[in-house]
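In what follows, a single structure is set out as structure tokens and then discussed.
Residue numbers (full-length UniProt numbering): 1 to 138.
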């Protein structure tokens, strides 16, 4: 079975209408939109259709996170209400996408993420790992 390569192209107004219709239909029934099925119909992938909906959805906030939003995310994660199992729950309350909330946590707020410049030892370890991987491929 071969997987077709999907070429990147702009969404047409007709595709946008189909995406909006799918989201509204699902919302009326209390279901999640069937983005995968719609993506196949449009000859696109799930992520591109989901992402397009997020850009069309006026309820989704974009741009810089506020300090209040950062605090809310941190409090929810600390209380055990966030993380991989519930980024969507936090996102709904902030009118953001779950992907943007997850990325904000991982890139800026998580204390487990080391920030700052790489040490010489870390640089050397990365170089050695790359060289080792290159030797194994030969």
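Built from N, CA and C at the ideal position, the CB exists for glycine as well.
### Message
Counting beta carbon pairs with one atom in the stretch 48 to 59 and one in the stretch 19 to 29, are three or more of them shorter than 8 angstroms?
### Response
The stretch 19 to 29 and the stretch 48 to 59 touch, with no fewer than 3 CB-CB distances between them shorter than 8 angstroms.
### Query
Could you give the C-beta distance for residue 13 and residue 23, rounded to a whole number, given that I count them as a contact under 8 angstroms?
Wrong, their Cβ atoms sit about 16 angstroms apart, outside the cutoff.
### Task
Identify which residue in 81, 136, 128 and 104 has its Cα closest to the Cα of residue 63.
Closest by alpha carbon: 104.
### Task
Can you tell me which of the three DSSP states residue 72 falls into?
Residue state, collapsed to three classes: helix.
#### Entry: Local Cβ density within 10 Å of residue 75, reported as buried at 16 or more and exposed below that
Looking at its Cβ environment, which holds fewer than 16 other Cβ atoms inside 10 Å, residue 75 is exposed.
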